[in-house]
Ligand code: SF4
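Chains as they are written, first to last, in the numbering used here: chain C, 1 to 272; chain L, 1001 to 1516.
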């Protein structure tokens, strides 16, 4: 070989650098949480407040823009993304309640705004954006304090980590760590745990038959574990899997990771 | 043993072949549904995917080593592509010096014509073929058969697929959609020895392979020409590398007097020092093998005094849309592919619908990326929606092709207002519908205006009772066909945050952020 082939050390799975504990954070609920999982949003707020953080919830936040982006409508996605750049403008960490939206903001915003006036803003936001579970473990070290949880009752729990959290963000382990350190929780692993549940946003509508088949397989795998509860930090997956399970008549309780954590830690919450 | 007579088997095979052609003539979503409804097929693919994923995992037990090997694979492929025009020139020069004749084909038809021309010049009437996806891409068998030339596939999987009158359903394991009973029926019903005798019925895998081998062995001896693919073409030495497991590749390229190798122009690498890492990645990613049974390096025709090898070796370099991919600003990584098939083995959609549902030579994630670029979005635009963007393919790809990002990019190409620039994918904008574009415009408006968004979400939560009605359930079809109707909560998170006194803005900028 005549010239050396340089390998980019930053590519692949290098872990990102985490800041120290901040005094204030933004919380992004996401559009799905806003309409369908608002109580989980409130639990996330209380959870962060109980950690001594000031939580800022900009009333001007809407949606990350992912539905349009994944459907190939880039201009429309950019327009909505621009609104989030404004809503979360101050230089404090942004904690997002869904993995796929976090992935959109960290990985796709810089692409979406490349060569645009907002490019630097997008890069800055990406650098201070964290998925909720990732933030709880790596910035707040919450997993080291779960032994004090108020509710330690025995529970068989299935955890579903979204594909974005697992592959795009690489934070599946953080979610697992949190659940494993909850006293009383017996974490079960469904068959093919890392396989997609079939949600995929507009995929579930555009390729409804394929999506439904994937969801049915995922629902069966979770039901087969005998878990009493399903938990996930992605409401798209939750809605897909729990909706399928209920339709199949083997519905088990399901909730957002933030709600489970707040309930177990502080013995309350789970509703507005 | 089967309870069917040979005639009954043949009738069933004819019916299956008819069903296959019928399926291929349908629209993507229909093909997908037909595949989903076929229990046996789904079982075959699920089993194959699980098996191959486990095999791959077992040879890549050290994740750090795997990731750095993938870095190397990506770097080698990107480096090769960065010098592609130059490397192709070097390759031609060195192959020619070695006595291998080089031909360039811009389109699929041109490639078929060139190959037919070489065969005709040598009066070749019978051809044995080694496994080659590019010859599937250019539909060579069909072309040559119309010219009266017999083409026999010699890879076991390809042979079965050809017997069945189908096309491969996987780029590495072409007959993966067939179970043993189906193969037994196929061999007994359609395979013949040279004297026209049917082969005895058996479901024993070793016997089945033995029967096919006996037939193929004879064909190798008699064939006028061998046609093969190429896995890597080394520019600096003028060497064609061929990876295979059955030995049929070696037979194809050494027994007949004439060998024609066919490859896409992207398969060139600069130097032999690049080969070992790509080879390691290829066999481990494809079949979980540390090394394939055979690795052929073809560097010249038979030389004076040598006892075997073809008298003539030709290489046909096929473009067929690759130059266009090469000059596309974001889709270029498509050409990094080394055709290992790992992306399809790891794809949850492929595991459920199988290869034929894609209706293209290349199925699965790489198929969804390469097919619309070669064949146009007009014909292959639907397959790009058959992806949940879960990322399993990108994670498995040994050369780090960002497959999900490329699939998303193709959705953008399909839905955007056509730009008419030269690098535009054929059929750009073909999926753009006025109504869908309008919906997204409205969506963007509602989600870029905070008060409009809050009003909309307020309305959503206040219409909660409606979500318990059959009307809404019906409106939310197809989501609700297999899921219960989602129920909005009574208040939005925006409202709850306000009610609980959560600040909407950061008061003092200086205090905060300081600890970061
Ligand atoms: S895209 Fe990657 S994983 Fe898929 S066949 Fe090509 S090299 Fe293999």
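Here a beta-carbon is modelled for each residue, glycine too, at the ideal position from N, C-alpha and C.
Asked: When every heavy atom of the ligand SF4 is checked, does at least one fall within less than 7 Å of the C-beta of residue 1268 of chain L?; Found: no
Asked: Pull up the distance between the alpha-carbon of residue 1404 of chain L and that of residue 1394 of chain L, whole angstroms please.; Found: 7 Å
Asked: Please list the partners that residue 1453 of chain L has in chain C, where partner means a Cβ-to-Cβ separation under 7 Å.; Found: 62
Asked: Taking 7 Å as the cut-off, does the CB of residue 1285 of chain L come closer than this to any heavy atom belonging to the ligand SF4?; Found: yes
Asked: Pull up the distance between the alpha-carbon of residue 1333 of chain L and that of residue 1485 of chain L, whole angstroms please.; Found: 41 Å
Asked: Look at residue 184 of chain C and residue 153 of chain C and say whether their C-beta atoms are less than 8 Å apart.; Found: yes
Asked: Cβ of residue 1337 of chain L versus every heavy atom of the ligand HEM: is any distance shorter than 7 Å?; Found: Only the ligand SF4 can be found as ligands here, which leaves the ligand HEM out of the picture.
Asked: Is there at least one non-hydrogen atom of the ligand SF4 closer than 7 Å to the beta-carbon of residue 1397 of chain L?; Found: yes
Asked: Along the alpha helix (DSSP H) that carries residue 121 of chain C, what are the first and last residues, could you check?; Found: 119 to 127
Asked: With distances taken Cα to Cα, identify the nearest neighbour of residue 1243 of chain L among L/1197, L/1226, L/1293, L/1344.; Found: L/1293
Asked: Under 7 Å Cβ to Cβ from residue 182 of chain C, same chain only, skipping five residues before and after it: list those, please.; Found: 146, 149, 264
Asked: Under 7 Å: does the beta carbon of residue 1372 of chain L sit that close to some heavy atom of the ligand SF4?; Found: no
Asked: Report the neighbours of residue 59 of chain C on chain L: residues whose CB is nearer than 8 Å to its CB, in chain order.; Found: 1450, 1454, 1494, 1497, 1498, 1504
Asked: Return yes when at least one heavy atom of the ligand SF4 lies under 7 Å from the C-beta of residue 1403 of chain L, else no.; Found: yes
Asked: From what residue to what residue does the alpha helix (DSSP H) around residue 1361 of chain L run?; Found: Taken as a continuous stretch (DSSP letters only), residue 1361 of chain L belongs to no alpha helix (DSSP H), as it is neither H nor E.
Asked: Please state if the CB of residue 1268 of chain L and the CB of residue 1482 of chain L are separated by a distance shorter than 8 Å.; Found: no
Asked: Would you tell me roughly how many angstroms separate the C-alpha atoms of residue 1374 of chain L and residue 1320 of chain L, rounded to the nearest one?; Found: 7 Å
Asked: Classify residue 1517 of chain L as buried or exposed, calling it buried when 16 or more other Cβ atoms lie within 10 Å of its own Cβ.; Found: What is shown of chain L runs 1001 to 1516, which leaves residue 1517 of chain L out entirely.
Asked: Would you say the beta carbon of residue 1325 of chain L is closer than 7 Å to some non-hydrogen atom of the ligand SF4?; Found: no
Asked: Along chain C, which residues have their Cβ under 9 Å away from the Cβ of residue 1096 of chain L?; Found: Under the 9 Å cutoff, chain C gives no residues; its nearest Cβ is about 21 Å from residue 1096 of chain L.
Asked: Using a Cβ-Cβ cut-off of less than 9 Å, give me the residues of the region 198 to 228 of chain C that come near chain L, in sequence order.; Found: 198, 199, 200, 201, 202, 203, 204, 205, 206, 207, 208, 209, 210, 211, 212, 213, 214, 215, 216, 217
Asked: Evaluate contact between the region 1137 to 1157 of chain L and the region 1204 to 1222 of chain L, counting only Cβ atoms and requiring at least three cross-stretch pairs below 8 Å.; Found: yes
Asked: Could you list which residues in chain L have their beta carbon closer than 9 Å to that of residue 173 of chain C, in chain order?; Found: Correct list: empty, because the minimum Cβ distance to chain L is about 12 Å.
Asked: With H, G and I counted as helix, E and B as strand and the rest as coil, what does DSSP make of residue 97 of chain C?; Found: coil
Asked: Just reading off the beta strand (DSSP E) that residue 222 of chain C is part of, what are its end residues?; Found: First-last for residue 222 of chain C: 208 to 223, but that is the alpha helix (DSSP H), not the beta strand (DSSP E).
Asked: Between residue 1314 of chain L and residue 1114 of chain L, what straight-line distance do the alpha-carbon atoms span, to the nearest angstrom?; Found: 10 Å
Asked: Considering only residues of the same chain and omitting the five flanking positions on each side of residue 1397 of chain L, which have a CB-CB separation below 7 Å?; Found: 1342, 1343, 1403
Asked: Do you know offhand how far residue 19 of chain C's Cα is from residue 107 of chain C's?; Found: 19 Å
Asked: Check residue 1054 of chain L in the structure and name its three-state DSSP category.; Found: helix
Asked: The beta strand (DSSP E) that contains residue 1129 of chain L, what's its start and end?; Found: 1126 to 1129
Asked: Return yes when at least one heavy atom of the ligand SF4 lies under 7 Å from the C-beta of residue 1391 of chain L, else no.; Found: no
Asked: Using the beta-carbon of each residue, which ones in chain C are nearer than 9 Å to residue 1460 of chain L?; Found: 34, 35, 36
Asked: Can you grab the Cα-Cα spacing for the pair residue 1276 of chain L / residue 1259 of chain L, in whole Å?; Found: 25 Å
Asked: Between which two residues does the beta strand (DSSP E) carrying residue 957 of chain L extend?; Found: There is no way to answer for residue 957 of chain L, as the model of chain L reaches only from 1001 to 1516.
Asked: Take residue 1013 of chain L and list the residues in its own chain whose beta-carbon comes closer than 8 Å to its own, dropping the five residues that flank it on each side.; Found: 1164, 1185, 1186, 1189, 1190
Asked: Any residues in the region 63 to 77 of chain C with a beta carbon nearer than 9 Å to a beta carbon of chain L? Which ones, in chain order?; Found: 63, 65, 67, 68, 69, 70, 71, 72, 73, 74, 75, 76, 77
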